[in-house]
Amino acid sequence: MAKSRLIGLDIGTSMVRAAELERNGRSGRMTLVKYAERALPPGAVVDAAVVAESTVTDAIKEMWKEAKFSSKDVVMGVGSSRTAVREVELPLLPMDELRQSLPYQVQDMLPMPVDEALLDFVPGTTVAGEVGTQVRGLLVAATKAGVNANVDAAEKAGLRPTVVDLNALVLLRAARGVDPSTKIVGCVDIGGGMTTVTVTERGVPRVVRVIPTGGQDVTNAIAKRLKIPVSEAEALKRRPASEHAAVPGGEMVKEAIDEVISTLVDAVRNTFVYYQSSNPGTAIEMVVLTGGGALLTGFAQTLANRSRLSVTFGNPLDGITVDPKAEGRITAPVAMAVVVGLAQEVAA
Ligand SMILES: Nc1ncnc2c1ncn2[C@@H]1O[C@H](COP(=O)(O)OP(=O)(O)OP(=O)(O)O)[C@@H](O)[C@H]1O
Ligand SMILES: [Mg+2]
């Protein structure tokens with residue numbers, strides 16, 4: 100089998116990222132051949148949807164010029180806090196028939212009118228139900244408006260989105276370092292504007308939740324308490340905790356950080372508790388953290404202490420050869436989970 104290439108495009112709250120992966124058909128080895136990213140100003144993307152279209156479009160155009168990606172076809176990620184994801188059981192039908200019948204089957208289960216939703220179903224296991232064999236899986240309902248805003252921005256930048264996938268569902272691919280005997284994994288991606296939580300059982304996603312809180316909330320909280328510009332607050336946040344005490348108002352920095360961490364850790368834990376209480380006898384075995392926000396001093400430790408789970412950082416590039424030119428453009432590998440996951444899409 101020949102080599103195949105795929106490009107993932109992740110339009111995040113604080114950064115646009117694009118990654119081109121080459122897969123060797125015979126060995127299965129993957130190489131990150133091209134990579135580019137651009138920071139976005141606050142407000143350009145809100146709740147996972149493009150608001151300032153020309154800002155995002157310009158960023159994408161620059162990235163294609165800079166890294167010379169070999170195609171304009173991209174796999175895009177979506178998933179805002181308004182995306183509804185829930186486990187449902189549906190009649191066992193061929194996948195294309197099942198997808199076509201979704202609007203009729205699930206209209207009563209949605210928190211939005213069916214004609215405003217983009218629907219998908221991720222099959223999991225088959226179960227014997229009262230009305231015959233059913234397939235249990237995740238029903239995904241994204242708001243058309245949010246997804247269209249991102250697809251439009253990509254198209255205006257000259258790209259062709261060929262597949263749109265849910266960010267949450269590609270996160271497990273970042274947990275490459277996890278021992279394969281681990282059955283139940285919690286993946287937590289802390290971005291700028293949101294935190295995506297997935298619980299996966301033997302590779303099958305069981306729970307997905309998007310919490311509308313991320314690293315930007317920490318920055319904003321620091322800026323508000325210390326009455327300083329957001330850019331200063333951002334730089335302060337990234338300094339090690341030991342240095343926070345040394346700046347004027349250092350105590351308030353710590354308070355602001357702790358407050359957001361506490362809220363976020365509680366929300367993540369609630370998702371884990373929800374999974375475990377709806378699946379008695381199961382236990383999450385480990386948690387893999389990704390996203391730039393995961394680098395926030397104290398988050399991983401607080402999550403580990405309060406959930407009593409083993410928490411590790413995911414390395415989305417683990418086992419992937421990285422071209423030196425691409426490597427030079429990477430600022431934070433831990434924040435590449437979604438974009439690298441998208442570039443590993445396999446046809447459904
Ligand atoms: N060293 C660091 N310490 C603390 N926070 C950091 C550090 N580096 C990056 N961050 C934070 O990570 C966040 C960005 O993470 P990431 O790039 O994963 O988000 P995104 O994908 O753009 O956003 P989202 O996924 O929410 O749409 C920002 O809030 C940034 O402040
Ligand atoms: Mg992100």
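Numbering (the numbering used here) for the sequence shown: 100 to 447.
Note that the Cβ used here is the ideal one computed from N, Cα and C, for glycine as well.
Between Lys171 and the rest of its own chain, which residues show a CB-CB distance below 8 Å, the 5 nearest in sequence each way excluded?
Within the same chain, Lys171 has close Cβ partners Trp163, Gly257, Leu258, Arg259.
Three-state class that DSSP yields for Ile356 in the structure shown:
In the structure shown, Ile356 sits in a helix (DSSP, three-state: H, G or I).
Mind checking whether the beta-carbon of Ala117 lies closer than 8 Å to any heavy atom of ligand 2?
In this structure, ligand 2 has no non-hydrogen atom nearer than 8 Å to the beta-carbon of Ala117.
Over what stretch of residues does the alpha helix (DSSP H) that includes Gly440 continue unbroken?
Per DSSP, Gly440 belongs to the alpha helix (DSSP H) from 436-441.
From Asn369 to Ala253, what does the alpha carbon distance come to, in whole angstroms?
The straight-line gap from Cα to Cα measures roughly 35 Å.
Val386, enclosing beta strand (DSSP E) - first and last residue:
It spans 385-389 - the beta strand (DSSP E) in which Val386 sits, taken as one unbroken run.
Nearest by alpha-carbon distance to Gly314: which of Val246, Asn404, Val329 is it?
Taking only the C-alpha atoms, the option nearest Gly314 is Val329.
Got a sec: does ligand 1 put a non-hydrogen atom nearer than 8 Å to the Cβ of Val239?
No - ligand 1 has no heavy atom lying nearer than 8 Å to the Cβ of Val239.
Could you name the residues of the same chain whose beta carbon sits closer than 6 Å to that of Lys255, not counting the 5 residues immediately before and after it, in chain order?
Taken in chain order, the residues that qualify are Thr156.
Helix, strand or coil for Arg125 per DSSP?
Shown here, Arg125 sits in coil according to DSSP, grouped into three states, outside any helix or strand.
Give, in chain order, every unbroken run of the beta strand (DSSP E) that is at least 3 residues long and sits entirely within the region 156-244.
Listed in chain order, the complete beta strand (DSSP E) runs (minimum 3 residues) inside the region 156-244 are 172-177, 183-190, 216-228, 231-242.
From this set, Leu131, Arg137, Ser153, which residue's C-alpha is nearest Arg448's C-alpha?
The first residue shown for the chain is 100 and the last is 447, placing residue 448 beyond what the model contains.
Between the beta-carbon of Ile356 and the beta-carbon of Ile321, is there less than 9 Å?
Closer than 9 Å, so yes.
Just to confirm, is the Cβ distance from Val221 to Gly245 under 9 Å?
No, these two residues do not count as a Cβ contact at 9 Å.
Please tell me whether Ala345 and Gly391 are closer than 9 Å, where the distance is taken between their beta carbons.
Contact flag unset, no.
Just to confirm the assignment: which complete beta strand (DSSP E) runs, minimum length 3, are found wholly within the region 289-371?
Taking only runs of at least 3 residues, the beta strand (DSSP E) segments lying wholly in the region 289-371 are 294-300, 303-310.
Between the alpha carbons of Val262 and Ala399, how many angstroms are there, rounded?
The alpha-carbon atoms of Val262 and Ala399 are separated by roughly 33 Å.
Excluding five sequence neighbours on each side, which residues of the same chain lie with their C-beta closer than 6 Å to the C-beta of Pro311?
Around Pro311: Ser180, Met293.
Asp288 beta carbon near ligand 1 (any heavy atom closer than 8 Å):
At least one heavy atom of ligand 1 lies closer than 8 Å to the C-beta of Asp288.
From what residue to what residue does the beta strand (DSSP E) around Ser103 run?
Per DSSP, Ser103 belongs to the beta strand (DSSP E) from 102-110.
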